[in-house]
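Undergrad: Chains as they are written, first to last, in this note's numbering: chain A, 44 to 349; chain B, -5 to 485. Idealized CB from N, CA, C, for every residue including glycine. What you are looking at is a predicted structure, and each value in this text was computed from that prediction instead of being measured.
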């Protein structure tokens, strides 16, 4: 087990380095912060001076060697846009994204289990059909539209909740729900289909025949066997929430987390901050993957041999 | 029914109390969070929106844009071509008690022009060489040559308190002389200011102001509709029908098309004029901006800018004349490359496409090329091969012709496409002419010359649009500053 995790860690480090190198190359190929950050009417002399100040006038290889040193020290330098250490910004914004992700994924996970089981108990029944129908809607609705819809209904029309910001607990409800719904839809579908598979297995019939109570058969034996694909999806959705959904949801709700900051850094061609963000997200993704691998072995001891 | 009635009454009381509690509070949603609250360091719209209320400048502007003394007691005097003498108002204190005097002004000037300080605003002040104290309320400024724009520059330079600005927390805890003083900055969430009860000027009415940072226009709109915000910036024209009040005021932005006067089909002045006659500017203002833009009067200047020539009027929409001119120039069917970008400025792509359709209609073949912003800038700044026609949106914060003309009108400017020596000489002369009347007349000549030569297809002057709640009275300013001291909350 220890050796296994070590190997996964090593793989993870290679992935992280690969990602950071790609980011370094791509941002320097397509972007030129000097052009974008100065006012259009700035003179050529001002541009040259600014480029020098940023250190972008040096050969790319020199920049790259320095960059790798920065990565090793976890110090990417000052953000070009905010003029303070990029990692300081990441550490300031990341907790907000993690809270939002935890609320969104947590909500989706907790609701998906009972909903999925209820649907699976009578495939084709009313509860199954309505669950599938609602899930399909949840899957097809674009998240930014869903967020705006929530704002219009619950904030603008009903005045129940605030439109944007982070000031109180109430502020997380709408962005949390927006984050949760598409995830919930996908999770319900997977809980439903794996439960249907399990409930048709012979051991379930045997369980009933032996007189084990219904709840114990479904809730313990069947659910445990059905939970492997569910766990996979939860991990995958967590990654997508941190590296993807957060960008949309945080923008719509002015939630000042890492996703919104990433968009702002891209708009302002802030290469330094962008590198720090991508690096941090890559580390998180690798960590979640390793956690998922550990979770598998807990769910299904047979996987420990692998 | 009875219970319901009581509930209603209760709700009403709570609402009335809430309204009473923040009777003179205003919440303003701006597009981006300040990166710093040091008023001299960055070129940052979010920072400006907040600090314009905390700090003051030696020269100020009326809402209509006219320069008036601010912290200066009277208009600065030119005592020799390179020296300005400024008398200061007496008895003014910074929010922390530091006195405002000649020392504070000298310190502020020297701080911002110090190369080591590395201010992003330096291009506004690069003519200023030195500041000297004459007496406690008199300062002299030295410029590197005659500088007629100095008063506009002073309107941009915020005066900081010498002692407190040495504090390492200065960028997070601003202290000025202005009508509002800083209370709190919750990073990512909000900034709060309160009224300065010792303010030297007219007492402001609004007692407390909160700034929120909302990048997404739809979210700003929702916040206004939900009653959370009183003023939102950059309201999209298509949203103006939905808000309680939309106020609009002619702003500083001009979308314009630079025509290449040195090569290609646009080398012929008749073709350039035709490309002006071909475009229905009124229809663009109405169709794309819902009327929240005005036709630019044949110059890259708003009426409030110094140098604006009221005698020059826009080329009228006259497709027949455009066709005749193209025929006379032998350019019917010529290919004109029109370069633009998408998503950088309001309606940028739509404007380019609409203009292309107008040009095609009079008989040229317009090749529209929309580039990603970085690649677009490569084309705009390319001094060797100029595109036939390049779309750009120019903005001018100093409200003086010099900046726009040096960049786009003058031969060799960063975005200019002509080698007109006569025009360049005019612009150079205006730059060092300290007699206002003479300088104005030089710009009038420059505007006329560029207009006759049709170096551009002038399009529009965009209006700034704000969404305003029903409870706040405010009418906006031509310089796009959001001054809370000019607002009023209705009882």
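With a CB to CB cut of under 6 Å and the five nearest residues on each side skipped, what residues in its chain are close to residue 151(A)?
TA: Numbered from its first residue, the first chain carries residue 151(A) at position 108. Hits under 6 Å: 223, 226, 227, 230.
Undergrad: Grab me the residues of residue 475(B)'s own chain with a C-beta within less than 7 Å of its C-beta, minus the 5 sequence neighbours each way, in chain order.
TA: As a first step, residue 475(B) must be located in the second chain, where it is residue number 481. For residue 475(B), where only same-chain residues beyond five positions count, the Cβ hits under 7 Å are 46.
Undergrad: Kindly list, in the order they appear in chain B, the residues whose Cβ is closer than 8 Å to that of residue 208(A).
TA: Mapped onto the first chain, residue 208(A) falls at position 165. Here the neighbours are 183, 184, 206.
Undergrad: If the cut is a Cβ gap below 8 Å, which residues of chain B does residue 313(A) touch?
TA: Position 270 of the first chain holds residue 313(A). The premise fails here: residue 313(A) is roughly 11 Å from chain B at the closest Cβ pair, so nothing lies under 8 Å.
Undergrad: Whose Cβ in chain A lies nearer than 7 Å to the Cβ of residue 220(B)?
TA: Against the second chain, residue 220(B) aligns to sequence position 226. Near residue 220(B) (Cβ distances below 7 Å), the residues of chain A are 198, 199, 202, 206.
Undergrad: What does DSSP give as the partner residue(s) for residue 391(B) in the beta ladder?
TA: Taking the second chain and counting its residues from 1, one reaches residue 391(B) at position 397. According to DSSP, residue 391(B) bridges with nothing at all.
Undergrad: Mind checking if residue 386(B) is an interface residue toward chain A, Cβ cutoff 8 Å exclusive?
TA: Taking the first residue of the second chain as 1, we reach residue 386(B) at position 392. At least one chain A Cβ lies under 8 Å of residue 386(B).
Undergrad: Return yes when the Cβ of residue 462(B) is within less than 8 Å of the Cβ of residue 239(B), no when it is not.
TA: As a working note, residue 239(B) is residue 245 in the second chain. As a working note, residue 462(B) is residue 468 in the second chain. Yes, the Cβ-Cβ distance between residue 239(B) and residue 462(B) is below 8 Å.
Undergrad: Between which two residues does the beta strand (DSSP E) harbouring residue 455(B) extend?
TA: Along the second chain, read from residue 1 onward, the residue named residue 455(B) stands at position 461. 454 to 462 is the span of the beta strand (DSSP E), which, as asked, contains residue 455(B).
Undergrad: Throw me the rounded Cβ distance for the residue 239(A) and residue 163(A) pair, which I believe falls under 8 Å.
TA: Sequence index remark: in the first chain, residue 239(A) carries index 196 (1-based). Sequence index remark: in the first chain, residue 163(A) carries index 120 (1-based). That pair is a contact at about 5 Å.
Undergrad: Which one of 344(B), 342(B), 326(B), 385(B) has the shortest CA to CA distance from residue 357(B)?
TA: The sequence position of residue 357(B) within the second chain is 363, counting from 1. Of the listed residues, the one whose Cα sits closest to residue 357(B) is 326(B).
Undergrad: Would you say residue 164(B) faces chain A, with C-beta separation under 8 Å as the test?
TA: In the second chain, residue 164(B) corresponds to position 170, counting from 1. No, no contact with chain A.
Undergrad: Check whether the Cβ atoms of residue 143(B) and residue 287(B) sit closer than 8 Å, and answer yes or no.
TA: Locating residue 143(B) in the second chain gives position 149, where the first residue counts as 1. Locating residue 287(B) in the second chain gives position 293, where the first residue counts as 1. It is not a contact, given that the beta carbons lie outside the stated cut-off.
Undergrad: Since residue 226(A) meets chain B, which of its residues come closer than 9 Å, beta carbon to beta carbon?
TA: Indexing the first chain from 1 puts residue 226(A) at position 183. Result: empty, since nearest Cβ-Cβ is about 22 Å, beyond 9 Å.
Undergrad: How many whole angstroms separate the CB atoms of residue 296(A) and residue 207(A), which I take to be in contact at a CB cut-off of 8 Å?
TA: By 1-based counting over the first chain, the position of residue 296(A) is 253. By 1-based counting over the first chain, the position of residue 207(A) is 164. Rounded, the Cβ-Cβ distance is 5 Å, consistent with contact.
Undergrad: Give a yes or no on whether the minimum CB-CB distance between residue 367(B) and chain A is below 8 Å.
TA: Taking the second chain and counting its residues from 1, one reaches residue 367(B) at position 373. By this cut-off, residue 367(B) is an interface position.
Undergrad: Output needed for residue 352(B): all residues of its chain with C-beta closer than 6 Å, excluding positions within five of it in sequence on either side, in chain order.
TA: The count along the second chain starts at 1 and reaches residue 352(B) at position 358. These residues qualify, in order along the chain: 272, 273.
Undergrad: Measure the Cβ-Cβ separation of residue 328(A) and residue 306(A) and say whether it is below 8 Å.
TA: Taking the first chain and counting its residues from 1, one reaches residue 328(A) at position 285. Taking the first chain and counting its residues from 1, one reaches residue 306(A) at position 263. No, Cβ-Cβ distance for residue 328(A) and residue 306(A) is not below 8 Å.
Undergrad: Closest Cβ-Cβ distance between residue 486(B) and chain A: below 8 Å?
TA: Because chain B in this structure spans residues -5 to 485, residue 486(B) falls outside the shown range and cannot be described.
Undergrad: Among 401(B), 447(B), 397(B), which has the Cα closest to the Cα of residue 414(B)?
TA: Residue 414(B) sits at position 420 when you count from the first residue of the second chain. Per the Cα distances, 447(B).
Undergrad: So residue 218(A) contacts chain B; which residues on that side make the cut at Cβ distance below 7 Å?
TA: Your numbering for residue 218(A) matches position 175 in the first chain. Near residue 218(A) there are no residues of chain B at all, since even the closest Cβ is about 11 Å away, more than 7 Å.
Undergrad: For residue 438(B), is the classification buried or exposed, using 16 other Cβ atoms within 10 angstroms of its Cβ as the cut-off for buried?
TA: Here residue 438(B) refers to the residue found at position 444 when the second chain is read from its first residue. That one is buried.
Undergrad: State the DSSP-derived secondary structure class of residue 383(B), mapped to helix, strand or coil.
TA: Numbered from 1 along the second chain, position 389 holds the residue referred to as residue 383(B). Correct three-state label for residue 383(B): strand.
Undergrad: For residue 4(B) and residue 203(A), what's the separation of their Cα atoms in angstroms?
TA: Within the second chain, the letter at position 10 stands for residue 4(B). Within the first chain, the letter at position 160 stands for residue 203(A). Any answer about residue 4(B) is weak, because its pLDDT of 46 lies below 50 and its placement is not dependable; what the coordinates show is given next. Each residue's alpha carbon lies about 17 Å from the other.
Undergrad: What do you get for residue 318(A), buried or exposed, if any count of 16 or more other CB atoms within 10 angstroms of its CB means buried?
TA: As a first step, residue 318(A) is located in the first chain; it is residue number 275 there, counting from the start. Result: buried.
Undergrad: Using a Cβ-Cβ distance cut-off of 8 Å, determine whether residue 87(A) contacts chain B.
TA: As a position in the first chain, residue 87(A) is number 44, starting the count at 1. So, interface residue.
Undergrad: Excluding the 5 residues flanking residue 178(A) on each side, which residues of the same chain have their C-beta closer than 6 Å to its C-beta?
TA: Along the first chain, read from residue 1 onward, the residue named residue 178(A) stands at position 135. Around residue 178(A): 228, 231, 232.
Undergrad: Label residue 166(B) either buried or exposed according to how many other C-beta atoms from any shown protein chain fall within 10 Å of its C-beta, with 16 as the threshold for buried.
TA: Indexing the second chain from 1 puts residue 166(B) at position 172. Exposed, by the Cβ-count rule.
Undergrad: Between the stretch 93 to 126 of chain A and chain B, which residues of the former have CB atoms less than 8 Å from a CB of the latter, in chain order?
TA: Under the 8 Å Cβ criterion, the stretch 93 to 126 of chain A contributes 96, 124, 125, 126.
Undergrad: Which residues, in order along the stretch 400 to 417 of chain B, keep a beta-carbon less than 9 Å from a beta-carbon of chain A?
TA: Listed in sequence order: 400, 401, 402, 407, 408, 409.
Undergrad: Are the stretch 121 to 137 of chain B and the stretch 16 to 36 of chain B touching by the rule of at least three beta carbon pairs closer than 8 Å?
TA: No, they do not touch.
Undergrad: My parser needs the alpha helix (DSSP H) runs of 4 or more residues fully inside the stretch 153 to 236 of chain A; what are they?
TA: Segments of the alpha helix (DSSP H) lying fully in the stretch 153 to 236 of chain A: 169 to 183, 186 to 193.
Undergrad: Since residue 298(B) and residue 59(B) should fall inside the 8 Å C-beta cutoff, what is the C-beta to C-beta distance between them, to a whole number of angstroms?
TA: Mapped onto the second chain, residue 298(B) falls at position 304. Mapped onto the second chain, residue 59(B) falls at position 65. With a Cβ gap of about 4 Å, residue 298(B) and residue 59(B) count as contacting.
Undergrad: Residue 377(B): which of 410(B), 345(B), 88(B) sits nearest, CA to CA?
TA: Residue mapping note: residue 377(B) aligns to position 383 of the second chain, counting from 1. Among 410(B), 345(B), 88(B), the Cα nearest to that of residue 377(B) belongs to 410(B).
Undergrad: In terms of alpha-carbon separation, which member of 237(A), 266(A), 126(A) lies closest to residue 29(B)?
TA: Taking the second chain and counting its residues from 1, one reaches residue 29(B) at position 35. Considering only alpha carbons, the answer is 126(A).
Undergrad: What is the DSSP secondary structure of residue 248(B), reduced to helix, strand or coil?
TA: Residue 248(B) sits at position 254 when you count from the first residue of the second chain. Three-state DSSP puts residue 248(B) in a strand.
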